[in-house]
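Undergrad: Following this message is one structure expressed as C-alpha cells.
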C-alpha cells in the first residue's frame, strides 16, 4: 500500500484527532487570512487617500537652517520665478504654483467690506485727511488680489476647503488673461455673476508722503465665483470676501506698481503625479536650483496623509500582531499534536519498518496528512473569513477614527502672539483641514490573499511536523516490536 493511501485511511480512522487538527488549522487560517485581508484593505484605502490628497510638495523657507547659519539679514530669502518655472517643467510634476499679491480698489459703484461711503469720505476729510486719502481705506481693508499660475493648486482649493461654485478655474493658459475669481460674499454684495466685468484699480504709493492713491483702473472679467468658509485670509488678515484670484502675469501688469511679474518669490507648491516620485523630484530640484535652494526646504504633505491613515496604521499593527501570535501558538499546538501522534503510532511505524517500508515514506505520510488537513482548512476559512473580517475591521477602524477625530477636535491654537510652547502646545500638531481620518475600509478576498494564507498555513504545518516526524528515521523496528519503545 502506498503512503498516500495510508495517509487517507489514517485520517479517516482517527476522526477525533483529525478534527482537532482541522480546528487548529482552521483558526490559524482564519486569523492569517483575516490579517492579510486587513493589510490589503488598509493599503488600498491608504493609496486612495494619497490620490485624494495628492502629492503636494511645498518649497518654503527653512527657518531652522537660517537660524543655524546665523540668519540672512533683514530680507527673507527669495527664489527666481524662472528657476521655479524650470523645476515645474519636470515630467514628474502634474502642476505647480506660486503667488504674487497686489492690493487693489474696486471702481464705483462696486463695493466691498470696509470700503468707505461718501459720508465716510467727507468725515475723514474733515477729521483726518491723511487717514483715508482720496477715499482709500487702510491696506488691511483693501481687496487683495492673489496672482497665481493655477488656482486649483492653491492650498484652499487642493484641500477641498474652498469650492468653485460657478465658472472655470485659472490655469496656465490664462497667464495673461484679465480674468478674476471672486469670493461668494463679494459676488452677492454686488450682484455679480460669471461673465460680468469689474474695474480693479492700481494702488500707487507716494514715496515721500506714503499716501496711497488709485492710479487708473483695468477691466477684468469674472471668470468664476468660489466659496471660502473662513472669515479672514490667514496670511494677510484681510476679510476673506475681499480676496480675489487672478492670473499672476495679468495681475502684475494691471495692478503692480512696476507692471511686471515678480522676478522672485518666497515659495511655491508642486503637485506630483505620484507620491513615490518625491525623491527623484527633490534631486531634480537640487540640480536645477543649485545654491538657490540652500535657504529653502522641500517638504511633501505627508502630515495630511498621516492624519487620514492614522486609524489604518493602528488597525494594521493590531491585526499583524494578532496574526503572528496565533501563528506561533498554532505552530506550537501542531508540533505537540504531531509529537504525541508519533509516540502513539510507534508500533504502527515499527511494523511498517519491519516489512521493509523506507523511513522517508513514513515521514512523507505524516506530511501528506498535514497538507490535506491544511488545504481543507484554508478552503473552509475562505467561505466565512471575508464577512467576519469586514465586520471586525470595520468596527476597529471606526473606533480608531472616532478617537482620532476627538483628538483633532480637542486641539486648540496657541494664544495670539504666542508660539504655544509655553503652554505645552505644539504648533506643528495643528490638524490639516480636509484630511478627515478614514473610518471605513472594504475587505476583498482575492487569489493573492488565498495564496498567501495557503503558503503560511502549509509552512507552519510543515515546520511543526517535519521535526517530530523526522524522529521516525531513528526508529529501530526490532526495539519497538520487542520492547514497545
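Residue numbers (the numbering used here): 944 to 1428. For glycine and all other residues, C-beta sits at the position ideal for the given N, C-alpha and C.
For residue 1171, which residues does DSSP report across the bridge?
TA: Residue 1171 sits at position 228 when you count from the first residue of the chain shown. Residue 1171 pairs with nothing; no bridge assigned.
Undergrad: Rounded to whole angstroms, what is the Cα-Cα separation between residue 1024 and residue 1089?
TA: In the chain shown, counting from the first residue as 1, residue 1024 sits at position 81. In the chain shown, counting from the first residue as 1, residue 1089 sits at position 146. Looking at the two C-alpha atoms, the distance is approximately 16 Å.
Undergrad: Comparing C-alpha positions only, which one of 1408, 1219, 1253 sits nearest to residue 1275?
TA: As a working note, residue 1275 is residue 332 in the chain shown. Nearest option by C-alpha distance: 1408.
Undergrad: Exposed or buried, what is residue 1152 when buried is set at 16 or more other beta-carbons lying within 10 Å of its beta-carbon?
TA: Numbered from 1 along the chain shown, position 209 holds the residue referred to as residue 1152. By the 10 Å Cβ count, residue 1152 comes out exposed.
Undergrad: Quick one, which of 1032, 1127, 1331 has its alpha-carbon nearest residue 1056's?
TA: Along the chain shown, read from residue 1 onward, the residue named residue 1056 stands at position 113. Of the listed residues, the one whose Cα sits closest to residue 1056 is 1127.
Undergrad: Quick one: grab the DSSP three-state call for residue 1136.
TA: For the purposes of this step, residue 1136 is taken as residue 193 along the chain shown, with counting starting at 1. Residue 1136 falls in the coil class under three-state DSSP.
Undergrad: Quick one: measure Cβ to Cβ for residue 1208 and residue 1021, integer angstroms, because I've assumed they're closer than 8 Å.
TA: Start at 1 with the first residue of the chain shown, and residue 1208 comes out as number 265. Start at 1 with the first residue of the chain shown, and residue 1021 comes out as number 78. About 7 Å separates the two Cβ atoms, so the contact holds.
Undergrad: Are the stretch 1028-1041 and the stretch 1221-1232 touching by the rule of at least three beta carbon pairs closer than 8 Å?
TA: Result yes; three or more Cβ-Cβ pairs closer than 8 Å.
Undergrad: In chain order, what are the residue ranges of uninterrupted beta strand (DSSP E) at least 3 long that sit wholly in the stretch 1298-1358?
TA: None, since the stretch 1298-1358 contains no complete beta strand (DSSP E) of that length.
Undergrad: Can you tell me which of 1351, 1379, 1008, 977 puts its alpha carbon nearest to the alpha carbon of residue 1248?
TA: Taking the first residue of the chain shown as position 1, residue 1248 is located at position 305. Comparing Cα-Cα distances from residue 1248 to each of 1351, 1379, 1008, 977, the minimum goes to 1379.
Undergrad: Can you give the Cα-Cα distance for residue 1179 and residue 1170, rounded to whole angstroms?
TA: Counting from one through the chain shown, the residue named residue 1179 turns up at place 236. Counting from one through the chain shown, the residue named residue 1170 turns up at place 227. If you take the alpha carbons of residue 1179 and residue 1170, they lie about 18 Å apart.
Undergrad: How about residue 1431 and residue 1317: are their beta carbons less than 9 Å apart?
TA: Outside the displayed range of the chain (944 to 1428) lies residue 1431, so it cannot be described from this structure.
Undergrad: Among 1199, 1142, 1165, 1404, whose alpha-carbon lies nearest the alpha-carbon of residue 1309?
TA: As a working mapping, residue 1309 is identified with position 366 in the chain shown. The shortest Cα separation from residue 1309 among 1199, 1142, 1165, 1404 belongs to 1404.
Undergrad: Could you check the C-alpha separation between residue 1042 and residue 1211 for me, to the nearest Å?
TA: The residue you call residue 1042 lines up with position 99 of the chain shown. The residue you call residue 1211 lines up with position 268 of the chain shown. The straight-line gap from Cα to Cα measures roughly 7 Å.
Undergrad: Measuring alpha carbon to alpha carbon, tell me which residue in 1270, 1168, 1241 is nearest residue 1110.
TA: Sequence index remark: in the chain shown, residue 1110 carries index 167 (1-based). Taking only the C-alpha atoms, the option nearest residue 1110 is 1168.
Undergrad: In chain order, what residues of the same chain lie with their CB nearer than 7 Å to the CB of residue 885, ignoring the 5 residues before and after it?
TA: Coverage of the chain is limited to positions 944 through 1428, which leaves residue 885 absent and any answer about it impossible.
Undergrad: According to DSSP, simplified to helix, strand and coil, what is residue 959?
TA: Along the chain shown, read from residue 1 onward, the residue named residue 959 stands at position 16. Reduced to three states, the DSSP call for residue 959 is helix.
Undergrad: Does DSSP put residue 1388 in a helix, a strand or coil?
TA: Taking the chain shown and counting its residues from 1, the one referred to as residue 1388 is at position 445. If DSSP states are grouped into helix, strand and coil, residue 1388 belongs with coil.
Undergrad: Below 7 Å CB to CB, which residues in the same chain sit around residue 1005 once its five sequence neighbours on both sides are set aside?
TA: Taking the chain shown and counting its residues from 1, the one referred to as residue 1005 is at position 62. Result list for residue 1005: 1238, 1239, 1240, in chain order.
Undergrad: Which one of 1325, 1337, 1338 has the shortest CA to CA distance from residue 1392?
TA: For the purposes of this step, residue 1392 is identified with residue 449 of the chain shown, where counting begins at 1. When only C-alpha atoms are compared, the closest one is 1325.
Undergrad: Determine the DSSP secondary structure at residue 1185, reduced to helix, strand or coil.
TA: The residue you call residue 1185 lines up with position 242 of the chain shown. Three-state result, residue 1185: helix.
Undergrad: For residue 1099, collect the residues of the same chain with a Cβ closer than 7 Å to its Cβ; drop the 5 residues on either side in sequence, then sort them by chain order.
TA: Numbered from 1 along the chain shown, position 156 holds the residue referred to as residue 1099. Answer for residue 1099: 1105, 1171, listed in chain order.
Undergrad: Could you give the distance in angstroms between the alpha-carbon of residue 1384 and the alpha-carbon of residue 1086?
TA: Translated into positions along the chain shown, residue 1384 becomes position 441. Translated into positions along the chain shown, residue 1086 becomes position 143. Each residue's alpha carbon lies about 44 Å from the other.
Undergrad: Closest by CA to residue 1053, which one among 1190, 1103, 1149, 1144?
TA: Taking the chain shown and counting its residues from 1, the one referred to as residue 1053 is at position 110. With distances taken between Cα atoms, residue 1053 lies closest to 1144.
Undergrad: According to DSSP, simplified to helix, strand and coil, what is residue 1166?
TA: Along the chain shown, one-based indexing puts residue 1166 at 223. In the structure shown, residue 1166 sits in a strand (DSSP, three-state: E or B).
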